[in-house]
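**Student:**
In this note's numbering, the protein residues as written are 2 to 404.
Structure representation (structure tokens):
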């Protein structure tokens, strides 16, 4: 059996270290668990509130039209958030701003800008660079399938060069506006040395998709990434009931992203902003608990003769990818507790076949070249009892099992 588990015990040890002191690598003023609960909410007590309010207004009254005009002009020129009362929901919303403040604190960046989806967030980044005449992107596969398609199809006028990590520096051109990576990658969970990648980028911004790891397991900005992308639909929301995207970055880039968001309308609804802020408060607890489940399931899958190969990242996390000797579609059809569905990062466990769904849009040759085989299954492990999850997987795998 060709079965590999990537440092399961080491990954658990790293999580134990994090849960022991709760602090990110850069030693922020407050522990990560504390920031997750309190960031974006510091003013609530003074307002006489305990839960963050939801502001559903689409427009706001103003009797000072000269002052409002000046604030709008300043936003148009610089992209800075207008001081004073809100103007219009497409320009900004107080509830969404709370989530942005909190996520920036967790990722260790100056700012964050939220969008209606992860793909809207990535599109905004590309539009910012395209507007500067920097249409070329250097990217490392695998990426999320729709991210791959957006770059390959050139839907926003971009041109992509796909490289191995070692080829990043040689692929850079005068019109290169971005280097994009995902680590751990979707769906193979391949990991990159983000610090080495950032060094290879030189002055070109590195965009790191941190959806799978979350700031609980890594903070790419500390390794040199200028932009940190999240499909906030996943772990940041954490309950399968909100769709959103967010880019954590420096304030200079955030201003440009806000201008694109205002012009294109890819805004996040206030209710989604509220749910995301609430989701952040339990993010460290959820990620650690789901990661412990995933590490144990990875161990059992690796010892199972029905499984050909297991991919589990050294950094840990709640995602597992595994290849079966039999028909992967039969596994999808056989689960009962685990839900066969796209997406990930929810409190319940989800399984899907990337070659059929999330990466179907990627050409077969490119998909296989990135390690996404037709036998590969992607499992997002939730908070259920690990023995119950294993009983379900054991039955779905069929035939005589083993531990």
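Cβ coordinates follow ideal geometry from the N, Cα and C atoms, glycine included.
(1) Have a look at the DSSP bridge pairing and note the partners of residue 379.
(2) Among 301, 80, 150 and 180, which residue has its Cα nearest to the Cα of residue 210?
(3) Thinking just about the alpha-carbon of each residue, which of 381, 389, 42 and 40 is nearest to the one in residue 212?
(4) In the structure shown, what three-state DSSP assignment does residue 205 receive?
(5) Terminal residues of the continuous alpha helix (DSSP H) containing residue 369?
(6) Exposed or buried, which one is residue 395 when buried takes at least 16 other CB atoms within 10 Å?
(7) Measure the CB-CB distance between residue 314 and residue 185 and report whether it falls below 9 Å.
(8) Return the bridge partner residues of residue 310 from the DSSP annotation.
(9) Quick one: is residue 158 buried, meaning 16 or more other Cβ sit within 10 Å of its Cβ, or exposed?
(10) Helix, strand or coil, according to DSSP, for residue 89 in the structure here?
(11) Considering only residues of the same chain and omitting the five flanking positions on each side of residue 329, which have a CB-CB separation below 6 Å?
(12) In or out: residue 160 buried (at least 16 other Cβ within 10 Å) or exposed?
(13) Leaving out the 5 sequence neighbours to the left and right, which residues in its chain are closer than 6 Å to residue 281 when beta-carbon positions are compared?
(14) In chain order, what residues of the same chain have a beta carbon less than 8 Å from the beta carbon of residue 351, not counting five sequence neighbours either side?
(15) Does DSSP classify residue 140 as helix, strand or coil?
(16) So which of 206, 142, 199 and 270 has the shortest CA-CA distance to residue 136?
(17) Can residue 224 and residue 195 be called in contact, C-beta distance under 9 Å?
(18) Here's a check: name, in chain order, each residue in its chain whose Cβ is nearer than 7 Å to the Cβ of residue 362, leaving out the five neighbours to either side.
(19) Rounded to the nearest angstrom, what separates residue 244 and residue 217 at their Cα positions?
(20) Taking only the alpha-carbon atoms, compute the straight-line gap between residue 284 and residue 119 and give it to the nearest angstrom.
(21) Helix or strand or just coil, what does DSSP make of residue 149?
(22) For residue 231 and residue 286, I'd like the C-alpha separation in whole angstroms.
(23) Expressed to the nearest angstrom, what Euclidean distance is found between the alpha-carbon atoms of residue 266 and residue 97?
**Tutor:** In brief:
(1) Partner(s): 322 and 353.
(2) 180
(3) 381
(4) coil
(5) 365 to 370
(6) buried
(7) yes
(8) 324
(9) exposed
(10) strand
(11) 354, 376 and 378
(12) exposed
(13) Excluding residues within five positions, the ones whose Cβ falls inside 6 Å are 37 and 103.
(14) 339, 340, 341, 342, 343, 344, 345, 380, 381 and 383
(15) Note: residue 140 maps to strand in three-state DSSP.
(16) 206
(17) In contact: residue 224 and residue 195 (Cβ atoms closer than 9 Å).
(18) Here residue 362 has 146, 147 and 150 as same chain residues with Cβ atoms under 7 Å from its own Cβ, once five neighbours each way along the sequence are excluded.
(19) 20 Å
(20) 18 Å
(21) helix
(22) 19 Å
(23) Put simply, the backbone Cα of residue 266 is about 14 Å away from that of residue 97.
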